[in-house]
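Here's the structure, in structure tokens; my notes come after.
Residue numbers (the numbering used here): 365 to 664.
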């Protein structure tokens, strides 16, 4: 297996959804606690990235096994069949990466406290059952919630906890503040799945996958997509007003015209190969600008 094939197998290009929430957690920790435990967060970052890659291998593995013979997806589209990878090798690579990341997480939990274990366990269960089992989470109406909440909020929450575990207080104010700062990422990541399901509605219904879009209908789902983008900017403004993020984060509004332009493109046309990328761009640009403007406020 070459490096380029491995990177495609683990969908390395799609790691924005996990890396940027991590950096939001770093910025929040320093702004609100003036504390960064560099060794712990680097170990967490490695474990998070390894598990995230393992989940994407699992997704490709399940897609390969569940592919029907009606079309040539298995042989020509799926990375495992297209590159003629050993299924056994892919399986054990996935298991090894999940095991390694879990051991790293358990080691961290022993040091910083068992709340990390329970948060990590939730994330692992969501990651594994997102595309596995008789009814994968991705095929349910709550798929958007699980993807957005787990990657957008939980990654940031764990990061903050690691940096401030000695003084971290489990109360509504603390959790609510972290949730508000991470809400833009939560909404933009949920919108990734929503946009995917909007574009795949007909195919999903033929395969008995009844996602949120099936129950809402495409017009309402598109309105929800737009509303969540608006709420992301409302959350950014609220975080600054409540002084849980520096004033500079307001500069994220400079990305608003771009986000609106991409939103309009998706609302006008829902073709996966042409407009699903709009949701990807919104996440990449919006989350990146939020991180940069947050970091700017820490320096000034």
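Virtual Cβ for every residue (Gly too), placed ideally from N, Cα, C.
Predicted, not measured: the structure shown is a model, and the values here were computed from it.
- Under the Cβ criterion (8 Å, minimum of three pairs), the segment 552-571 counts as touching the segment 513-524.
- Burial is judged here by how many other beta carbons sit within 10 angstroms of a residue's own beta carbon; residue 605 has fewer than 16 and is exposed.
- A residue is called buried when at least 16 other Cβ atoms come within 10 angstroms of its Cβ; residue 584 does not meet this threshold and is exposed.
- Using a Cβ-Cβ distance cut-off of 8 Å, the segment 569-584 and the segment 503-511 are in contact, since at least three pairs of beta carbons, one from each stretch, lie closer than that value.
- Within the same chain, and ignoring the five residues on either side of residue 611 in sequence, the residues whose Cβ sits closer than 7 Å to its Cβ are 604 and 661.
- Listed in chain order, the non-local C-beta contacts of residue 394 below 7 Å within the same chain comprise 400 and 662, local neighbours out to five positions each way being set aside.
- A residue is called buried when at least 16 other Cβ atoms come within 10 angstroms of its Cβ; residue 474 does not meet this threshold and is exposed.
- The beta carbons of residue 425 and residue 376 sit about 16 Å from each other, so the pair does not count as a contact at 8 Å.
- The residues 384, 387, 388 and 391, in chain order, have a CB closer than 7 Å to that of residue 655 in the same chain once the five nearest residues on each side in sequence are set aside.
- Nearest Cα to residue 632 within the set 613, 462, 587 and 600: 587.
- Taking the Cα of residue 558 as reference, the smallest distance to any Cα among 509, 621, 528 and 521 is reached at 509.
- Shown here, residue 573 sits in coil according to DSSP, grouped into three states, outside any helix or strand.
- In this structure, residue 651 lies near residue 549, with their beta-carbon atoms less than 8 Å apart.
- In this model, residue 563 and residue 640 are separated by some 7 Å (Cα to Cα).
- The C-beta separation of residue 480 from residue 414 comes to about 16 Å, leaving the pair out of contact by the 8 Å criterion.
- Of the residues assessed, residue 467 falls on the exposed side of the cut-off, its CB having fewer than 16 other CB atoms within 10 angstroms.
- Around the Cβ of residue 616, a 10 Å sphere holds 16 or more other Cβ atoms; the residue is buried.
- Shown here, residue 498 sits in coil according to DSSP, grouped into three states, outside any helix or strand.
- The beta carbon of residue 496 sits closer than 8 Å to the beta carbons of 422 and 426 from its chain, once the five residues preceding and following it are set aside; these are given in chain order.
- Counting only runs of at least 4 residues, the segment 504-586 fully encloses the following alpha helix (DSSP H) elements, listed from N- to C-terminal order: 507-512, 519-528, 536-563, 565-570 and 576-580.
- Annotation for residue 639: the continuous alpha helix (DSSP H) segment containing it runs 636-663.
- Linking residue 519 to residue 649 through their CA atoms gives a straight-line distance of about 19 Å.
- Within a 10 Å sphere around the beta-carbon of residue 571 sit fewer than 16 other beta-carbons, which makes this residue exposed.
- Here DSSP, grouped into helix, strand and coil, assigns residue 609 to coil.
- DSSP places residue 396 in the uninterrupted alpha helix (DSSP H) bounded by 380-397.
- Excluding sequence positions up to five before and after residue 527, its CB lies within less than 7 Å of the CB of 393, 397, 399, 400, 401 and 405, all in the same chain and listed in chain order.
- Taking residue 635 as the centre and dropping the five residues before and after it, the same chain places the C-beta of 563 closer than 7 Å to its C-beta, in chain order.
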